[in-house]
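>
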Amino acid sequence: MIPNAITYAALIGSSRKGMRNGNWRRLRFLDKALYRAAMWYAKRGRSIVNGLLVEKLLVLIEKLKETKGMRIFRRGLKKAVAMLEKGEEKGVFVWAPSLKKWLKDPDYIFWLGTNLFLERKALPKEQ
9 MIPNAITYAA LIGSSRKGMR NGNWRRLRFL DKALYRAAMW YAKRGRSIVN GLLVEKLLVL
69 IEKLKETKGM RIFRRGLKKA VAMLEKGEEK GVFVWAPSLK KWLKDPDYIF WLGTNLFLER
129 KALPKEQ
């Protein structure tokens, strides 16, 4: 359920969480500006009720509250979906049926994301 209003308490709580976990610095400049303006407006005792603005702020709040584990799982899920699609096309699941079960297992999906995370760090930087 999407809330129809955002209060100052919700904004400041998410802001603090984002500062602690380092996600605040990942936001783009304009996203930070929008968030600060919304906090200023909400601090004056008003809540934000504009539907479009509430949607944008909820996306920013979600980004601020995101953890490393969530990012790793999302990356692994994307890889698992791609592997499922390719496996169906190529007929891999005929001779490896347990792989289909693995690709639906949350622990394996997390491992895939971790593996991709480590591969990304191990690649040499292009100059």
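Per the numbering used here, the sequence shown starts with residue 9, numbered consecutively.
Here a beta-carbon is modelled for each residue, glycine too, at the ideal position from N, C-alpha and C.
Just so it is clear, the structure is predicted and the values come from calculations on it, not from any experiment.
Please work out which residues of its chain come closer than 6 angstroms, Cβ to Cβ, to A18, disregarding the five sequence neighbours upstream and downstream, and give them in chain order.
For A18, where only same-chain residues beyond five positions count, there are no Cβ hits under 6 angstroms.
> Could you tell me whether the Cβ atoms of L107 and V100 are closer together than 8 angstroms?
Against a cut-off of 8 angstroms, the Cβ pair of V100 and L107 comes out as a contact.
> If we ignore side chains and look at the alpha-carbon of each, how far apart do T15 and L42 end up?
Rounded to the nearest angstrom, the two C-alpha atoms are 15 angstroms apart.
> At what residues does the alpha helix (DSSP H) containing I56 begin and finish?
Where I56 is concerned, there is no enclosing alpha helix (DSSP H), given that its DSSP letter is neither H nor E.
> Quick check: V62 and N12, are their CB atoms within less than 8 angstroms of each other?
Yes. Within cutoff.
> Where G121 and I20 are concerned, what is the direct C-alpha to C-alpha distance, given to the nearest angstrom?
If I take the Cα positions, the gap works out to 31 angstroms.
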